[in-house]
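Residue numbers (this note's numbering): 174 to 415. For every residue, glycine included, the Cβ atom is placed at its ideal position computed from N, Cα and C.
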């Protein structure tokens with residue numbers, strides 16, 4: 174835990190892959206954090222380069238079976254990123270309504286498709302890495318797609334989200350339960366610890382949050398988050414992508 178805390182303060186990190194040389198120093202630090210932690214939440218602000226850090230992580234550990242779960246609108250964005258940085262179009266398979274063959278290095282699928290029976294074969298493979306982009310899509314612990322996400326086995330898990338905590342601290346529990354199911358076993362224990370509420374006629378009424386300093390401390394070895402303001406000296410000039 175102390176090592177994980179310390180690496181966040183480093184100006185750079187030494188990595189081995191060819192892709193790492195194309196990263197900015199703070200991005201290499203992010204990859205270093207992913208390498209040191211077993212299952213991690215990469216919560217960098219949007220536009221800082223979470224996807225390239227995740228791909229570099231795959232290269233660093235030489236992962237062969239990689240599952241990328243993302244919103245439907247980002248499937249081809251991920252494919253383009255892989256081709257751009259790794260130049261391996263032939264190693265990518267994108268879900269298009271039919272069951273994935275799962276014979277490529279990268280398999281890309283959207284969240285909604287996870288709950289379909291034709292995709293239950295994803296649960297039969299022990300993936301080297303599973304990347305959940307915009308992982309806050311799995312905040313609802315009762316949703317079928319969230320339950321399907323949690324049934325897929327992987328040796329390493331990486332959650333990407335520019336907004337890891339949306340409205341209430343208890344929404345974070347489902348993501349933490351996916352990353353570390355043996356640690357975050359009880360939703361209600363987490364709820365009692367970090368949510369202010371009162372008991373209404375039809376159930377618990379959330380009024381706010383509590384113990385946020387304690388929550389921040391608890392997340393230190395699990396999540397790394399940088400804002401644009403923090404890394405501004407490393408960032409290039411603005412670029413626009415349509």
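Comparing C-alpha distances from residue 353 to each of 212, 195, 201 shows the shortest one belongs to 212. Here residue 222 is buried. Its C-beta has 16 or more other C-beta atoms within 10 Å. Nearest to residue 284 by alpha-carbon distance, out of 334, 236, 317, 178, is 317. Assigned with DSSP and collapsed to three states, residue 306 falls in strand.
Taking 8 Å as the upper bound for CB-CB distance, residue 214 and residue 337 are in contact here, some 6 Å apart. Assigned with DSSP and collapsed to three states, residue 328 falls in strand. With fewer than 16 other Cβ atoms inside 10 Å of its own Cβ, residue 260 counts as exposed.
Contact annotation: the region 242-262 touches the region 307-314, with at least three C-beta pairs closer than 8 Å.
Judged by DSSP secondary structure, residue 287 falls outside any alpha helix (DSSP H); it is assigned neither H nor E. Distances from the alpha-carbon of residue 362 to those of 297, 345, 320 put 345 closest. Using a 10 angstroms sphere on the CB of residue 296, the tally of other CB atoms stays under 16, which defines it as exposed. If you check the CB distance, residue 188 and residue 229 come in under 9 Å.
Residue 369 is bridged by DSSP to 381.
A straight line joining the alpha-carbon of residue 275 with that of residue 326 spans about 14 Å. Distances from the CA of residue 278 to each of 385, 256, 289, 324 were compared; the closest alpha carbon is that of 256. Residue 280 has 240, 266 as its beta-bridge partners, per DSSP. From the listed residues 374, 281, 350, 329, the smallest Cα separation to residue 269 is found for 281. Taking the C-beta atoms as reference points, residue 393 is found nearer than 9 Å to residue 174.
Between residue 348 and residue 373 a beta carbon distance of about 26 Å is seen, past the 8 Å cut, so the two are scored as non-contacting. Residue environment for residue 220: exposed (fewer than 16 other C-beta atoms within 10 angstroms of its C-beta). In the DSSP assignment, residue 216 is bridged to no other residue. DSSP, reduced to helix, strand and coil, places residue 301 within a strand of the structure shown.
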